[in-house]
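Chains A and B are the protein sequences, given in the same order. Going by numbering that gives the first Met the number 0, the first residue of the first sequence is number 0, and it counts up by one from there. Going by numbering that gives the first Met the number 0, the first residue of the second sequence is number 0, and it counts up by one from there. Even for Gly, the Cβ is constructed at its ideal location relative to N, Cα and C. A quick write-up on the structure given underneath.
2 protein chains.
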Amino acid sequence: MDKRTPNTTHLADVERIDRLRLIRSDNVGPRTFRSLVNHFGSAKRALERLPDLARRGGAARPGRICSEEDARAEFAASKRHGVSLLAPDEVGYPPRLATLDDAPPLLGVRGALDVLMRPMIAIVGSRNASGAGLKFASTLARDLSDAGFVIVSGLARGIDQAAHRASLAGGTVGVLAGGHDKIYPPEHEDLLEAMLENGGAISEMPLGHVPRARDFPRRNRLISGAALGVVVVEAAHRSGSLITARIAAEQGREVFAVPGSPLDPRAAGTNDLIKQGATLTTEAADVINAVEPIMERPAGFGASEPDGEPLDFEPDAGDRARIIDLLGPSPIGLDDLVRMAGTSPTIVRTVLLELELAGRLERHGGGLVSLI
Amino acid sequence: MDKRTPNTTHLADVERIDRLRLIRSDNVGPRTFRSLVNHFGSAKRALERLPDLARRGGAARPGRICSEEDARAEFAASKRHGVSLLAPDEVGYPPRLATLDDAPPLLGVRGALDVLMRPMIAIVGSRNASGAGLKFASTLARDLSDAGFVIVSGLARGIDQAAHRASLAGGTVGVLAGGHDKIYPPEHEDLLEAMLENGGAISEMPLGHVPRARDFPRRNRLISGAALGVVVVEAAHRSGSLITARIAAEQGREVFAVPGSPLDPRAAGTNDLIKQGATLTTEAADVINAVEPIMERPAGFGASEPDGEPLDFEPDAGDRARIIDLLGPSPIGLDDLVRMAGTSPTIVRTVLLELELAGRLERHGGGLVSLI
């Protein structure tokens with residue numbers, strides 16, 4: 000799992016089942032998954048410790064732990080559906096995506112795995128785009144595709160589908176908010192099938208998961224995370240594409256925006272992005288010139304969460320009470336907690352893990368946490 | 000003529016006539032005018048020395064020196080036409096304009112002199128503007144006008160006239176490429192008359208001068224120079240408004256540009272300007288926020304050409320030959336000339352003056368000169 004030599008390993012199926020069990024268990028998100036595996040050395044050992052940790056964190060009732068049976072059933076169903084469940088260091092897992100702090104520990108992948116390893120540009124925008132916006136998205140996607148980039152987007156109506164369609168030949172990747180068998184919107188099922196030949200589809204959700212509204216912002220981090228940069232083609236004020244742009248900036252991805260008339264409400268969001276520092280984009284060269292220097296840096300560069308020491312001692316009740324006292328609904332950073340609690344980072348991280356597994360902790364970006 | 004306490008003096012008519020004679024004489028532009036007055040202490044003494052300097056510069060035939068009679072005639076005709084011929088330190092001469100290296104030594108001014116002393120924003124753009132562009136220019140001009148800024152522009156068809164019309168009540172200034180009696184385009188004569196009530200018109204050209212194509216770029220430096228910043232509303236590639244924007248940047252003025260769709264050729268120039276660093280502008284606040292910090296700095300700050308010492312010795316033939324040898328059709332800087340000629344800056348400046356008055360020297364921006 001050394002992020003600096005990505006995509007060279009191949010997991011044994013038994014280890015893959017353990018990872019699947021862990022990430023499908025209650026209160027385990029990608030960050031918790033990573034902390035647990037760092038602390039306990041493997042998914043298997045983390046699974047063994049889950050009930051105890053959650054109890055110590057004060058869980059009202061124990062969270063559900065995904066059974067081996069359920070995990071094997073999902074694994075088999077995924078295989079039948081042509082979905083590979085890949086770890087961040089395996090071939091087919093987009094290398095840039097693997098560098099995220101909250102990279103999915105197992106990513107459901109369909110399509111041409113080699114294409115998923117190539118440099119990607121995300122193109123996103125309004126669902127109710129203008130004719131000009133659709134035309135521009137198509138031209139840009141085709142030109143970037145011709146220049147060797149894979150186009151990644153969200154399969155939505157409007158700009159997304161225009162970008163996918165224009166890059167079918169060169170390779171395009173759809174990021175799903177639900178399971179691979181629950182395509183949204185349903186009328187894009189044929190488009191997705193066409194994309195699989197030279198491109199792919201990815202999802203962190205299990206088969207059968209019907210996408211809900213809250214799944215889309217979560218999904219959006221994968222669109223930007225897989226890409227070198229995100230181009231926002233048309234976006235009104237407060238539209239979903241602006242959330243993607245904000246996440247992209249937080250992830251250190253380049254943000255590009257296509258300008259429009261101040262009198263066109265569909266350009267209000269993109270014009271704002273440019274005011275805030277996004278690169279004004281009128282042609283593919285604007286994107287290519289900005290990402291070329293980045294491509295020379297290895298994709299693994301920048302995975303930032305510190306690895307924990309092995310958990311060879313346990314916090315006592317005093318540590319736990321002191322740390323819980325310091326937490327509240329306002330997000331606070333790990334460093335501040337360590338300093339204020341007057342204890343070791345390992346102990347603070349362990350207590351946070353316990354609370355998280357008990358469903359009492361929320362993790363925010365930038366290493367901030369708050370009580371729920 | 001101390002630029003740091005501008006607009007407080009009033010010229011005697013006899014001095015005004017001398018200045019008018021000097022600036023209307025052959026081969027004397029604003030920069031040469033300034034060098035001559037700096038060297039000789041007054042326009043009167045410079046006029047006396049002109050023939051000798053031009054002869055030493057190698058003039059094939061002596062340039063015409065404006066006679067006192069002609070100057071008095073222009074002065075009287077200007078007065079009858081309501082045009083004041085003002086020096087850079089007099090009331091009615093826009094203070095920012097007075098800070099330029101090539102500020103007109105006498106500016107023909109009509110209208111409300113107090114309005115010309117207020118902070119100005121230039122709004123320029125395509126003559127064949129779109130409906131959206133015209134509407135945006137009007138809204139922006141009105142909003143900036145309401146915020147207390149005088150709107151300055153070039154009286155052209157399209158964006159210029161829309162900006163003038165929308166700011167008639169608050170004050171708007173037209174900068175002419177020809178004389179005050181040769182309005183271009185003629186259909187805007189009524190507009191100009193309406194502008195004079197709360198605003199004004201300025202020109203550095205004599206009455207009767209019909210504007211030619213080459214006068215417009217020269218005029219454009221006065222539009223940007225009088226303003227804190229220039230807003231380009233719509234501009235195709237290689238349009239005149241982009242020249243104004245380039246000059247504005249060279250003058251240290253803020254450059255603002257209004258974005259548009261990449262598919263709209265009338266936005267190609269403004270989008271390019273934003274790529275090059277112009278401030279993306281969708282509303283008056285974008286302009287106001289950027290110029291407010293500048294307004295607190297005195298207008299006189301930044302006049303950059305060094306004052307020459309009095310010319311109390313003359314270059315010998317060896318100096319002159321050496322300096323002419325160093326000059327060619329490629330522009331070269333004064334500092335480089337001084338270093339390469341191994342002589343004093345005063346001698347180099349004097350030889351350049353001689354060459355200029357002989358019609359053999361061209362001055363470029365940034366203190367660069369070349370032989371014609």
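Open item on the list: Only counting the same chain, and skipping five residues up and downstream in sequence, which positions put a Cβ closer than 7 Å to that of A:Glu188?
Closed with: Taking the first residue of the first sequence as position 1, residue 188 of chain A is located at position 189. So the list reads Ile182, once near-sequence residues are dropped.
- [ ] Mark B:Ser202 as exposed unless 16 or more other C-beta atoms lie within 10 angstroms of its C-beta, in which case mark it buried.
- [x] The residue labelled residue 202 of chain B in the question sits at position 203 within the second sequence. B:Ser202 is buried by the Cβ-count criterion.
Open item on the list: List, in chain order, every chain B residue whose beta-carbon is nearer than 8 Å to that of A:Ile273.
Closed with: Taking the first residue of the first sequence as 1, we reach residue 273 of chain A at position 274. Taking a Cβ-Cβ threshold of 8 Å, the residues of chain B close to A:Ile273 are Pro258, Ile273, Leu279, in chain order.
TODO: Would you mind sorting A:Val350 into buried or exposed? The rule is 16 or more other CB atoms within 10 Å of its CB.
DONE: As a position in the first sequence, residue 350 of chain A is number 351, starting the count at 1. Residue environment analysis places A:Val350 among the buried positions, since at least 16 neighbouring C-beta atoms fall within 10 angstroms of its C-beta.
Task: Beta-bridge pairing of B:Glu253 - partner residues as DSSP gives them - done: Along the second sequence, read from residue 1 onward, the residue named residue 253 of chain B stands at position 254. B:Gly228, per the DSSP bridge assignment.
Task: Closer than 9 Å at the beta carbon, the chain A residues around B:Lys134 - done: If you number the second sequence from 1, residue 134 of chain B lands on position 135. Result: Leu262.
TODO: Give the C-beta separation of B:Leu356 and B:Ala111 to the nearest angstrom, bearing in mind that I take them to be a contact with Cβ-Cβ under 8 Å.
DONE: On the second sequence, position 357 is the one that residue 356 of chain B refers to. On the second sequence, position 112 is the one that residue 111 of chain B refers to. Rounded to the nearest angstrom, the Cβ distance from B:Leu356 to B:Ala111 is 37 Å, too far for a contact under 8 Å.
- [ ] State whether the segment 84 to 99 of chain B contacts the segment 132 to 144 of chain B, with contact taken as three or more CB pairs (one from each stretch) at a distance under 8 Å.
- [x] Result no; under three Cβ-Cβ pairs closer than 8 Å.
Open item on the list: Run through chain B and tell me which residues come within less than 8 Å of A:Asn270, C-beta to C-beta.
Closed with: Residue mapping note: residue 270 of chain A aligns to position 271 of the first sequence, counting from 1. Correct list: Pro258, Leu279, Thr281.
TODO: Could you tell me which of B:Arg48, B:Phe32, B:Asp263, B:Tyr92 sits nearest to B:His9, measuring between CA atoms?
DONE: Along the second sequence, read from residue 1 onward, the residue named residue 9 of chain B stands at position 10. The residue with the shortest Cα to Cα distance from B:His9 is B:Tyr92.
Open item on the list: Report the CB separation of A:Thr171 from A:His163 in whole angstroms; it is logged as a contact under 8 Å.
Closed with: By one-based count along the first sequence, residue 171 of chain A stands at place 172. By one-based count along the first sequence, residue 163 of chain A stands at place 164. Contact between A:Thr171 and A:His163 is confirmed by a C-beta separation of about 5 Å, below the 8 Å threshold.
Open item on the list: DSSP three-state label for A:Thr349, please.
Closed with: If you number the first sequence from 1, residue 349 of chain A lands on position 350. It is helical.
- [ ] Would you verify that the beta carbon of A:Ala75 is, or is not, closer than 8 Å to some beta carbon of chain B?
- [x] Locating residue 75 of chain A in the first sequence gives position 76, counting from the first residue. Judged by the 8 Å Cβ criterion, A:Ala75 is not in contact with chain B.
Task: Under 7 Å by beta carbon: chain B residues contacting A:Ala131 - done: Position 132 of the first sequence, counted from the first residue, corresponds to residue 131 of chain A. The contacting residues are Ser260, Leu262.
Task: Cβ-Cβ distance between B:Lys390 and B:Asp17 below 8 Å - done: Summary: the structure shown does not reach residue 390 of chain B, with chain B confined to residues 0 through 371, and so no result is reported for it.
TODO: Determine the extent of the beta strand (DSSP E) in which A:Gly200 is found, giving its start and end residues.
DONE: Mapped onto the first sequence, residue 200 of chain A falls at position 201. For the record, residue 200 of chain A in the displayed sequence is Ala; it is not Gly. 199 to 202 is the span of the beta strand (DSSP E), which, as asked, contains A:Ala200.
Open item on the list: Helix, strand or coil, according to DSSP, for B:Gly130 in the structure here?
Closed with: Taking the second sequence and counting its residues from 1, one reaches residue 130 of chain B at position 131. Three-state DSSP puts B:Gly130 in a helix.
Task: Close-in-space but distant-in-sequence residues of the same chain around B:Leu336 (CB under 7 Å, 5 per side omitted) - done: Here residue 336 of chain B refers to the residue found at position 337 when the second sequence is read from its first residue. Cβ neighbours of B:Leu336 beyond the five flanking positions: Ile322, Leu325, Val347.
- [ ] With DSSP as the reference, label A:Phe300 as helix, strand or coil.
- [x] What you label residue 300 of chain A is simply residue 301 of the first sequence in a count that begins at 1. Note that A:Phe300 has pLDDT 41, beneath the 50 cutoff, so the model's placement of it is unreliable and no number is given.
TODO: Give every residue of the same chain whose Cβ lies closer than 7 Å to the Cβ of A:Asp145, excluding the five residues on either side of it in the sequence, and list them in chain order.
DONE: Translated into positions along the first sequence, residue 145 of chain A becomes position 146. Cβ within range, chain order: Gly169.
Task: A:Glu233 and A:Thr269 closer than 8 Å at C-beta - done: Walking along the first sequence from the start, residue 233 of chain A turns up at place 234. Walking along the first sequence from the start, residue 269 of chain A turns up at place 270. Yes; because the gap between Cβ atoms is below 8 Å, this pair is in contact.
- [ ] Can you grab the Cα-Cα spacing for the pair A:Gly364 / A:Arg252, in whole Å?
- [x] The residue labelled residue 364 of chain A in the question sits at position 365 within the first sequence. The residue labelled residue 252 of chain A in the question sits at position 253 within the first sequence. Computed Cα separation, rounded: 15 Å.
Task: Local conformation of B:Ile293 per DSSP, three classes - done: As a working note, residue 293 of chain B is residue 294 in the second sequence. Here B:Ile293 sits in helix by DSSP.
Open item on the list: Which of the three DSSP states is assigned to A:Gly369 in this structure?
Closed with: The count along the first sequence starts at 1 and reaches residue 369 of chain A at position 370. Inspection of the sequence shows that residue 369 of chain A is occupied by Ser rather than by Gly. In the structure shown, A:Ser369 adopts extended strand secondary structure according to DSSP, grouped into three states.
- [ ] Name the residue from A:Val27, A:Leu19, A:Gly259 whose alpha carbon lies nearest to the alpha carbon of A:Leu352.
- [x] Position 353 of the first sequence holds residue 352 of chain A. For A:Leu352, the closest alpha carbon among the candidates A:Val27, A:Leu19, A:Gly259 is that of A:Val27.
Open item on the list: Can you tell me whether B:Leu354 is buried or exposed? The criterion is at least 16 other CB atoms within 10 Å of its CB, across all chains shown.
Closed with: Residue mapping note: residue 354 of chain B aligns to position 355 of the second sequence, counting from 1. With 16 or more other Cβ atoms within 10 Å, it is buried.
Task: Distance between B:Lys274 and B:Arg265 (C-alpha atoms, nearest Å) - done: Within the second sequence, residue 265 of chain B is the residue found at index 266, counting from 1. Within the second sequence, residue 274 of chain B is the residue found at index 275, counting from 1. Taking the straight line from one Cα to the other gives about 16 Å.
- [ ] Spell out a yes or no on whether the segment 121 to 130 of chain A and the segment 98 to 106 of chain A are touching, meaning 3 or more CB-CB pairs, one atom from each, closer than 8 Å.
- [x] Touching, no, given that fewer than three Cβ pairs across the two stretches are closer than 8 Å.
Open item on the list: Can you look up A:Ala121 in the DSSP assignment and give me helix, strand or coil?
Closed with: As a position in the first sequence, residue 121 of chain A is number 122, starting the count at 1. Strand, per DSSP.
Task: Where A:Arg220 sits in the DSSP three-state scheme - done: To locate residue 220 of chain A, count along the first sequence from 1; it is residue 221. Helix at A:Arg220.
Task: Residues near A:Arg109 in its chain [Cβ-Cβ closer than 7 Å; skip 5 each side] - done: The residue given as residue 109 of chain A occupies position 110 in the first sequence. For A:Arg109, same chain residues with a beta-carbon under 7 Å away, outside a window of 5 residues either side, are Gly81, Val82, His179, Leu195, Gly199, Ala200 in chain order.
TODO: Output the boundary residues of the beta strand (DSSP E) element that contains B:Arg362.
DONE: By one-based count along the second sequence, residue 362 of chain B stands at place 363. B:Arg362: member of the beta strand (DSSP E) spanning 360 to 362, first to last residue.
Open item on the list: I'd like to check one pair, B:Val230 with B:Thr280: are the Cβ atoms closer than 8 Å?
Closed with: Walking along the second sequence from the start, residue 280 of chain B turns up at place 281. Walking along the second sequence from the start, residue 230 of chain B turns up at place 231. Yes, Cβ-Cβ distance for B:Thr280 and B:Val230 is below 8 Å.
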